[in-house]
Amino acid sequence: MLQTWRRQWILTTGTYRLAVAQRRNRCALVGTSSATLTAPQARNVSDFRVGVLGLGAIGTIFFIRSGRLAAVSETKKELPILSVDALIKVEQFDTWVKKKKKTATMQLIHDGQETETLEFQGLTTADKVATACNASNVRVRALGGSTGEPHDGHKLDVLLVTVKAHDSVGAIRSLRERHRHVLKDDALCVLLQNGLGEVPTVENGERIDNRWQFGSGVTFVGGRVLEFAKVKTSGLEAGKTYVAPLHRHGAETGLSGLEDTMTMPREHDDVKMQMLVDVLVAAGIHCKVLGSNEMQAMLWHKLIINAAINPLASLLNAPNRSVASSESSRRCVHLVVQEALAVAHCEQILLNRSQNELVDDVLEVARTTGSNVCSMLADLRRGSSRTEIDAMTGRIVAGGKRHGIPTPTNELLLLLVKALEEEREVRQSR
Numbered sequence: 001m002l003q004t005w006r007r008q009w010i011l012t013t014g015t016y017r018l019a020v021a022q023r024r025n026r027c028a029l030v031g032t033s034s035a036t037l038t039a040p041q042a043r044n045v046s047d048f049r050v051g052v053l054g055l056g057a058i059g060t061i062f063f064i065r066s067g068r069l070a071a072v073s074e075t076k077k078e079l080p081i082l083s084v085d086a087l088i089k090v091e092q093f094d095t096w097v098k099k100k101k102k103t104a105t106m107q108l109i110h111d112g113q114e115t116e117t118l119e120f121q122g123l124t125t126a127d128k129v130a131t132a133c134n135a136s137n138v139r140v141r142a143l144g145g146s147t148g149e150p151h152d153g154h155k156l157d158v159l160l161v162t163v164k165a166h167d168s169v170g171a172i173r174s175l176r177e178r179h180r181h182v183l184k185d186d187a188l189c190v191l192l193q194n195g196l197g198e199v200p201t202v203e204n205g206e207r208i209d210n211r212w213q214f215g216s217g218v219t220f221v222g223g224r225v226l227e228f229a230k231v232k233t234s235g236l237e238a239g240k241t242y243v244a245p246l247h248r249h250g251a252e253t254g255l256s257g258l259e260d261t262m263t264m265p266r267e268h269d270d271v272k273m274q275m276l277v278d279v280l281v282a283a284g285i286h287c288k289v290l291g292s293n294e295m296q297a298m299l300w301h302k303l304i305i306n307a308a309i310n311p312l313a314s315l316l317n318a319p320n321r322s323v324a325s326s327e328s329s330r331r332c333v334h335l336v337v338q339e340a341l342a343v344a345h346c347e348q349i350l351l352n353r354s355q356n357e358l359v360d361d362v363l364e365v366a367r368t369t370g371s372n373v374c375s376m377l378a379d380l381r382r383g384s385s386r387t388e389i390d391a392m393t394g395r396i397v398a399g400g401k402r403h404g405i406p407t408p409t410n411e412l413l414l415l416l417v418k419a420l421e422e423e424r425e426v427r428q429s430r
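Structure, rendered in structure tokens:
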């Protein structure tokens, strides 16, 4: 099946462009982007259903890109059948459609102000499902909005989990307990979020699920939420995304509580992961499957970059460029990286980057995304009493304590951001 799928999506020279000029009906795919899609030669594979859990910056980017591809696949007989669903909370769905009358939109705005748009209809249905105009295979669904179980053919093969790192455990547990019917019994769940991840595999001494398989992911695509369903992206064309199956040995992956409970990836899960990658590549997102050791290094690489930028930029209450703009902030970056690298070495993570190279990586990211407001600062500015500091800096501090490695700079940053969280919590309680 995989060879047929890949032949259809990848091994071809034809291309499709998603643009307004090609689709005169406004209630369809709309946009000025020139995203290029790979055109296959036959259509003889079964329906492949992808879900995106959470529509923050990354979730919205991946949903819009893959949704636009799926919309084309429905109208072009030579393309494989692809369906894409976004899963959000009921209150998010209601807020999104409240201001709309007949249609609602999702927008992806690029640095050059080019815009990719999906429009949705059916906003007042009792089951709270919005369907893309002229594309019944692209939907936004409110979890808990529908009481009936979908037909087996409508259940998801793969789920991209793009909620905040601290929400992933609760989100997956909720799927298992109240919305199990949304996913196939052998579904693949890929965690695509900041930090090193955490999978709720054990509850009351039993596994959360014996059949769902989990994968990890990391993306260097950047985005900023302007409002729900409207995201400004940076680095989409150059930013890369990596995915890998989760294996045993939680200590090696940085994932807690997995040592004796994770099942080894099954062959058809590897097939699903490669199919997901092929879809993302066809949708214009650079994506690649990595081996376990490569993914560990990639996750830690991004963790160190995030831990050096997010807390400091948040405390400075300034865009990312502030991290590289002064000698004092650069010195702070150096100390964060030094401590984090020492912990990574004790975790037996092979980064293949020196301390100075990692510092350079941090400063380069801070400069190239200079106008971006990092997700942590965005959360604080919205008045949120919880950020992803535990999934970033908290992981480094915890690892340091576990291995007897001093991490004073990271510990101070952790405490300061925690103080900001607590101050906002006090405000909310008044």
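Residue 120 in full-length UniProt numbering sits at position 120 of the sequence shown; the count goes up by one each step and never skips.
We put the CB at the ideal spot given by N, CA and C, even for glycine.
Check whether Arg49 and Leu118 have beta carbons under 8 Å apart: Counted from its first residue, the sequence shown places residue 49 at position 49. Counted from its first residue, the sequence shown places residue 118 at position 118. No, these two residues do not count as a Cβ contact at 8 Å.
Cβ-Cβ distance between Leu183 and Lys155 below 8 Å: Here residue 183 corresponds to residue number 183 of the sequence shown, with the count starting at 1. Here residue 155 corresponds to residue number 155 of the sequence shown, with the count starting at 1. Yes, Cβ-Cβ distance for Leu183 and Lys155 is below 8 Å.
Where Asp361 falls: helix, strand or coil (DSSP): Along the sequence shown, one-based indexing puts residue 361 at 361. Looking at Asp361 - three-state DSSP - the assignment turns out to be helix.
Cβ neighbour criterion (16 or more within 10 Å) applied to Leu192: The residue labelled residue 192 in the question sits at position 192 within the sequence shown. With 16 or more other Cβ atoms within 10 Å, it is buried.
As assigned by DSSP and simplified to three states, the class of Val221: The count along the sequence shown starts at 1 and reaches residue 221 at position 221. Reduced to three states, the DSSP call for Val221 is coil.
N-terminal and C-terminal residue of the beta strand (DSSP E) that Met295 is part of: Residue mapping note: residue 295 aligns to position 295 of the sequence shown, counting from 1. Premise fails: Met295 lies in the alpha helix (DSSP H), Ser292 to Leu316, not in any beta strand (DSSP E).
Close-in-space but distant-in-sequence residues of the same chain around His403 (CB under 8 Å, 5 per side omitted): One-based indexing of the sequence shown puts residue 403 at position 403. Excluding residues within five positions, the ones whose Cβ falls inside 8 Å are Val343, Cys346 and Glu347.
Cβ separation of Ala229 and Leu55, assumed to be a contact under 8 Å, to the nearest whole Å: Here residue 229 is taken as the residue at index 229 of the sequence shown, counted from 1. Here residue 55 is taken as the residue at index 55 of the sequence shown, counted from 1. The Cβ separation is near 7 Å, so the contact holds.
Beta bridge counterpart(s) of Thr233 as assigned by DSSP: Looking up residue 233 in the sequence shown gives position 233. DSSP output for Thr233 lists Gly223 as bridge partner(s).
Counterpart residues of His286 in DSSP-defined beta bridges: Numbered from its first residue, the sequence shown carries residue 286 at position 286. DSSP, once it has assigned bridges, lists Lys240 as partnering His286.
Reduced DSSP category for Cys133 - H, G, I as helix; E, B as strand; rest coil: As a first step, residue 133 must be located in the sequence shown, where it is residue number 133. Three-state result, Cys133: coil.
Exposure label - Arg331; buried when at least 16 CB within 10 Å: The residue you call residue 331 lines up with position 331 of the sequence shown. Classification of Arg331: exposed, given that the 10 Å Cβ count is below 16.
Cβ-based neighbour list, Val52, same chain, cut-off 8 Å, excluding 5 preceding and 5 following: The count along the sequence shown starts at 1 and reaches residue 52 at position 52. Hits under 8 Å: Gly59, Phe62, Phe63, Ser66, Val84, Asp85, Ala86, Leu87, Leu159, Leu160 and Thr162.
Whole runs of the beta strand (DSSP E) within the segment 40–102, excluding any shorter than 3 residues: 48–53 and 82–89
Where Leu351 sits in the DSSP three-state scheme: As a first step, residue 351 is located in the sequence shown; it is residue number 351 there, counting from the start. If DSSP states are grouped into helix, strand and coil, Leu351 belongs with coil.
Heavy atom of the ligand NAD within 7 Å of Ala126 beta-carbon: Here there are no bound small molecules, and the ligand NAD is not part of this structure.
Endpoints, alpha helix (DSSP H) assigned at Cys332: Position 332 of the sequence shown holds residue 332. Note, Cys332: alpha helix (DSSP H), Glu327 to Cys346.
Inter-residue spacing [alpha-carbon to alpha-carbon] between Leu175 and Glu327: The residue given as residue 175 occupies position 175 in the sequence shown. The residue given as residue 327 occupies position 327 in the sequence shown. Rounded to the nearest angstrom, the two C-alpha atoms are 47 Å apart.
Backbone secondary structure at Val138 - three-state DSSP: Looking up residue 138 in the sequence shown gives position 138. Three-state DSSP puts Val138 in a strand.
Best match in Lys76, Ala57 and Leu82 for proximity to Leu280 [C-alpha to C-alpha]: By one-based count along the sequence shown, residue 280 stands at place 280. Closest option to Leu280, Cα to Cα, is Leu82.
Exposed unless 16 or more other CB atoms sit within 10 angstroms - verdict on Asn317: Stepping through the sequence shown from its first residue, residue 317 is reached at position 317. Exposed, since its Cβ has fewer than 16 Cβ neighbours within 10 Å.
Contact set for Phe220: own chain, Cβ-Cβ below 6 Å, skip 5 residues either direction: Here residue 220 refers to the residue found at position 220 when the sequence shown is read from its first residue. Same-chain partners within the cutoff: Gly239 and Lys240.
Coarse secondary structure for Gln107, derived from DSSP in three states: Working through the sequence shown from its first residue, we reach residue 107 at position 107. Gln107: strand per DSSP, three-state reduction.
Exposed unless 16 or more other CB atoms sit within 10 angstroms - verdict on Thr407: Residue mapping note: residue 407 aligns to position 407 of the sequence shown, counting from 1. Flag for Thr407 reads buried.
Leu422, enclosing alpha helix (DSSP H) - first and last residue: Within the sequence shown, numbered from 1, the residue matching residue 422 stands at position 422. Reading off the sequence, residue 422 comes out as Glu, not Leu. Counting along the chain, the alpha helix (DSSP H) containing Glu422 begins and ends at Pro408 to Ser429.
Which of helix, strand or coil DSSP assigns to Gln274: Counted from its first residue, the sequence shown places residue 274 at position 274. Helix, per DSSP.
CA-to-CA distance, Ile172 to Val97, given in whole angstroms: Translated into the one-based positions of the sequence shown, residue 97 becomes position 97. Translated into the one-based positions of the sequence shown, residue 172 becomes position 172. Looking at the two C-alpha atoms, the distance is approximately 25 Å.
Nearest residue (CA-CA) to residue 442, options His181, His334 and Lys164: The requested residue 442 is not part of the displayed model; the chain covers only 1 to 430.
Stretch-stretch touch, CB-based, cutoff 8 Å, three pairs: the segment 301–318 with the segment 384–397: yes
Segment limits, alpha helix (DSSP H) that includes Lys155: Here residue 155 refers to the residue found at position 155 of the sequence shown. Where Lys155 is concerned, there is no enclosing alpha helix (DSSP H), given that its DSSP letter is neither H nor E.
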